[in-house]
Ligand code: IPM
Ligand code: MG
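In my numbering, the protein residues as written are 468 to 827.
If you want it as structure tokens, here you go:
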């Protein structure tokens, strides 16, 4: 079977890190028999520069025809002055909405080899393995009305709408419980039900769905407390499920527990398991083009793609093991480097992972 993958390098370090992930995919195709057809497309600021829009129609068409999408990163100072409707981020949000990718899975796993890279004490983070399930196509990111209006007295007022339907809360809850079923059977739902009616409904609906999963434990936490607990005692969490914006914020926080945001992949899935895979970090324009970026989050995104969209668990395990192997070898890009490690660049890291794929 041939899997069609759309590759969207995007902006900043996107092209560099995606190139390393493509090396991994190529190796799986040539040496391990993965049926694969890769095609490139445009998204973000680079798409704007070429076509005048951060998400050209062609890209959405390509995404629709693909079995999975691999994305680098979008955005950068070059495009910050643009109107919000054509900023690079709109390309990403448009892909999420256009492909119906409502379920965003963001694992935060601490590799034992990197325990010292975390800003938290090793005993607080060692063994950390959290899965954040973030709702991705609703909430305040997409709610209407939205905008900036001028009041009668001439003062301007900005406004956005936090809105969730029961069906949206139900389906993301199910994703969280289904994932927890394969883990430690514990789901913590994060809301602000003490202040926001919308998330009071969120809490009610998650609790209702939980009755379908009697073997699982559901707990609830307010988002402010969750932020605190994540840095105080993060290992108390197994699966966290939350809204689009809370998930955005908490996943950056969780990422840093693991030492570097440069290590964490993500999957964004639709109803049928088709998905877009991307590192959770941004386009890092400050280090773009210098071969300094860590490609491991993107390579681990390939592993998630193999697992969740292409049904290739064995190959996913092979990629995970290869990443483990290069960390064992002491190879580190600057973001995870410490005294005594071997400092490598983006391409060297990618090459080392490819070499480790065969060497297992
Ligand atoms: C993320 C990013 C995006 C988001 C931005 C780039 C639009 O921060 O994927 O977490 O806010 O969702
Ligand atoms: Mg974010």
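Here a beta-carbon is modelled for each residue, glycine too, at the ideal position from N, C-alpha and C.
Source: prediction; values computed, not measured.
Nonlocal neighbours in the same chain, by C-beta distance under 6 Å from residue i, ignoring five residues either side
| i | result |
| --- | --- |
| residue 511 | 477, 478, 521, 541, 555 and 558 |
| residue 667 | 660 |
| residue 819 | 793 and 798 |
| residue 777 | 470 |
| residue 673 | 640 and 656 |
| residue 580 | 794 |
| residue 616 | 624 |
| residue 513 | 478 |
| residue 833 | There is no way to answer for residue 833, as the model of the chain reaches only from 468 to 827. |
| residue 466 | Nothing can be reported for residue 466, as the shown portion of the chain is limited to 468 through 827. |
| residue 543 | 478, 479, 512, 750 and 752 |
| residue 582 | 589 and 593 |
| residue 650 | 705 |
Cut-off 7 Å between Cβ atoms - residues of its own chain near residue i, not counting five sequence neighbours on either side
| i | result |
| --- | --- |
| residue 611 | 628 |
| residue 638 | 569 |
| residue 755 | 479 and 480 |
| residue 790 | 763, 766, 767 and 820 |
| residue 801 | 759 and 810 |
| residue 501 | 495, 779 and 782 |
| residue 665 | 629, 630 and 631 |
| residue 561 | 522 |
Whole-number beta carbon distance between residue j and residue i, since they are thought to touch under 8 Å
| i | j | result |
| --- | --- | --- |
| residue 566 | residue 530 | 6 Å |
| residue 570 | residue 603 | 7 Å |
| residue 690 | residue 658 | 7 Å |
| residue 480 | residue 760 | 4 Å |
| residue 724 | residue 595 | 6 Å |
| residue 744 | residue 732 | 7 Å |
| residue 609 | residue 647 | That pair is no contact at about 26 Å. |
| residue 712 | residue 599 | Actually they do not touch by this definition, with Cβ atoms about 13 Å apart. |
| residue 573 | residue 747 | 6 Å |
| residue 453 | residue 758 | With the chain running from 468 to 827 in the structure shown, residue 453 is simply not present. |
| residue 491 | residue 474 | No, residue 491 and residue 474 are not in contact; Cβ-Cβ is about 12 Å, not under 8 Å. |
| residue 717 | residue 693 | 6 Å |
| residue 509 | residue 526 | 6 Å |
| residue 515 | residue 546 | 6 Å |
| residue 584 | residue 727 | 6 Å |
| residue 683 | residue 652 | 5 Å |
| residue 487 | residue 817 | 3 Å |
| residue 698 | residue 587 | 7 Å |
| residue 824 | residue 774 | Not quite, the Cβ-Cβ distance comes to about 16 Å (not below 8 Å), so this is no contact. |
| residue 592 | residue 752 | No, residue 592 and residue 752 are not in contact; Cβ-Cβ is about 29 Å, not under 8 Å. |
| residue 575 | residue 551 | Residue 575 to residue 551, Cβ: 30 Å. No contact. |
Beta-bridge pairing of residue i - partner residues as DSSP gives them
| i | result |
| --- | --- |
| residue 505 | 472 |
| residue 707 | 599 and 655 |
| residue 686 | 655 |
| residue 613 | Beta-bridge pairing links residue 613 to no other residue. |
| residue 799 | 810 |
| residue 536 | 473 and 743 |
Residue i Cβ short of 7 Å to the ligand GDP heavy atom set
| i | result |
| --- | --- |
| residue 705 | This structure simply doesn't include the ligand GDP; it includes the ligand IPM and the ligand MG instead. |
Chain B contact for residue i (CB, 8 Å cutoff)
| i | result |
| --- | --- |
| residue 589 | In summary, chain B is missing from the structure at hand, where a single protein chain is found. |
Nonlocal neighbours in the same chain, by C-beta distance under 8 Å from residue i, ignoring five residues either side
| i | result |
| --- | --- |
| residue 534 | 470, 471, 472, 741, 776 and 777 |
| residue 738 | 567, 569 and 638 |
| residue 669 | 631, 636, 656, 658, 660 and 710 |
| residue 787 | 767 and 770 |
| residue 696 | 688, 703 and 704 |
| residue 468 | 502 |
| residue 614 | 625 and 626 |
| residue 804 | 810 |
Worksheet item: Where in the stretch 623–680 do unbroken runs of the alpha helix (DSSP H), each at least 4 residues long, occur, reported from the N-terminal end onward?
Response: 633–648 and 664–677
Practice prompt. Can you check the stretch 547–591 for any alpha helix (DSSP H) of at least 4 residues that lies completely inside it and give the ranges in chain order?
Written response: 555–565
Worksheet entry | Cβ contact (3+ pairs, closer than 8 Å) linking the stretch 702–709 and the stretch 639–646 | yes
Practice prompt. Could you name each continuous alpha helix (DSSP H) segment of 4 residues or more that falls completely within the stretch 723–796, going from the start of the chain to the end?
Written response: 763–775 and 780–795
Practice prompt. Count the CB pairs spanning the stretch 766–785 and the stretch 801–809 that are closer than 8 Å, and state whether there are at least three.
Written response: no
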